[in-house]
Amino acid sequence: MATKRRYLYEVDFMRVFFIFGVLTVHTFSLYVLQLSGSAADVTNAVHASLHFTRMGFMFMTGMVLFITHYNRPLRPFRFWLKRYIAVGIPYLFWNALYVSQLVKSHFIRQEQIHSLAEFGSAYWDALIHGNVSFMYYVLVTFQLYLVFPLLRWFLRRFSTQHLKILIGGVVFQLIMLVGIKYGLPHVDTSHWPFLLRNYGSFVLTYQIYFLAGGLLAIHYDKIGQLIDQHARLIWRTLIGALLLSPIYYLYNTRILGLSASAAKSVHQPLMMVYAFIVIMAVLLLGRRYANFRARTPNAWQVRFISLGAKLSFGIYLSQTLALWLAEVLMPNLAKQPGWLIIALPITSIGVFATAFVIAYCFYRTPVLCHLIGRPSIKKGARNHVTTYRTNQSNLKEPLQPEINQGGRH
């Protein structure tokens, strides 16, 4: 029997937190390019500690998919049609924009285009590989949608074995990450299929985050209570992990001799552990936010989080425009690295605010709203009224489609 889907306001908070984190990571990348020596080492070490946001996105995608569909009838072809259209339209548009080279950014590495044929070739390459301007995430989401009906059936079929399935997923992920970090660098993968040699765009690489997010959704009340009960342990573990993260980066570079890029890679065994520690802490913050929202539903923080959650996918898609503007305007700190501690947070907030405004303009404009995966504003307004009324009667309104939540994420 189908049950009413739940609206978890902590998910809104997590969307905004993780999308801000993603833009902060990419803003860091702009400054890292300017620095060298000890300033670069320190910045890279801090930068490495922020590399949990990608896994947070994957975790939330699995969580929202299962909240939305686990206990309700699912028709695979209707599911695929709806989501591939909703995500495909933005994917086609933003790839075209960035491949056109109207935006010149460090994050868009393309050969110079001189003809329509060259554009068509570059555009097709971008579509099938998701290798332009962070579009890899949407490509991974497409793959997840493809296998989701099977994954849902599997977890429903073995509903009493979820703990064993989770443990198996963790073990498999650890083995895979050990292989990626210590084995693949010594293997010639040039003749491998694209998704295997470019494992960052392969859904299997992130299986534990989708799986864990889905299992959290299925057992949310029980796990939520455990998280609340062990809040102090989570905070202490988080503090320890944050302190050890820069040390781990130095271990990778100084002891293992890895490049800065490899040392910051999210595809490392300890990075998986670190990511889950941060995700649990962010979820705990989200639950605190949900309590705050229940007490003060009209507070400005609530309005901001609510709008930010709606715009999160649009922010993700338009971030390259904001980062390009930051590249043009940001100061060159190569000779004055001491100003980095001031410039970084200011630039990160500026990048987020710019992407937020761009996404909001799309959201408020008919037709353009579909380019960030949102329904028309009139439909959104009706949904807002419905949400308010159902909240007043102590019912939970369904979550919005997961693609409208940050990758959606």
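FYI, in our numbering the residues of the sequence shown are 1 to 409. By construction, the Cβ of each residue, glycine as well, lies at the ideal position given by its N, Cα and C atoms.
By a beta-carbon distance limit of 8 Å, residue 274 does not contact residue 264. Their separation comes to about 12 Å.
Using a Cβ-Cβ distance cut-off of 8 Å, the stretch 306-326 and the stretch 347-354 are in contact, since at least three pairs of beta carbons, one from each stretch, lie closer than that value. Counting only runs of 4 or more residues that sit fully inside the stretch 57-138, the alpha helix (DSSP H) segments are 76-99, 116-129, in chain order.
DSSP places residue 371 outside any alpha helix (DSSP H), giving it a letter other than H or E. For the pair of segments examined, the stretch 273-287 was found to touch the stretch 10-27: the number of CB pairs separated by less than 8 Å reaches three. For residue 193, the secondary structure class from DSSP, reduced to helix, strand or coil, is coil. Boundaries of the alpha helix (DSSP H) around residue 276: 269-295. Proximity to residue 29 across 260, 57, 312 peaks at 260, based on C-alpha coordinates. With a threshold of 16 other beta carbon atoms within 10 Å, residue 122 meets it and is buried. The three-state secondary structure of residue 298, taken from DSSP, is coil. Residue 39 has its alpha-carbon roughly 42 Å from the corresponding atom of residue 145. Look at the stretch 159-187 and you find these whole runs of alpha helix (DSSP H), each 4 residues long or longer: 162-178. DSSP places residue 16 in the uninterrupted alpha helix (DSSP H) bounded by 9-32.
Contact check for residue 12 against residue 309 passes: the beta carbons are separated by less than 8 Å. For residue 6 against residue 89, the beta-carbon gap comes to about 28 Å, at or over 8 Å, which does not count as contact.
In this structure, 100 is the residue among 100, 370, 129 with its C-alpha nearest to the C-alpha of residue 117. Between residue 245 and residue 49, the C-beta spacing is below 8 Å. The beta carbon of residue 306 sits closer than 8 Å to those of 12, all from its chain and outside the five residues before and after it, given in chain order. Annotation: the continuous alpha helix (DSSP H) that includes residue 210 extends over 207-218.
Residue 230 carries a coil assignment under DSSP once its states are collapsed to helix, strand and coil.
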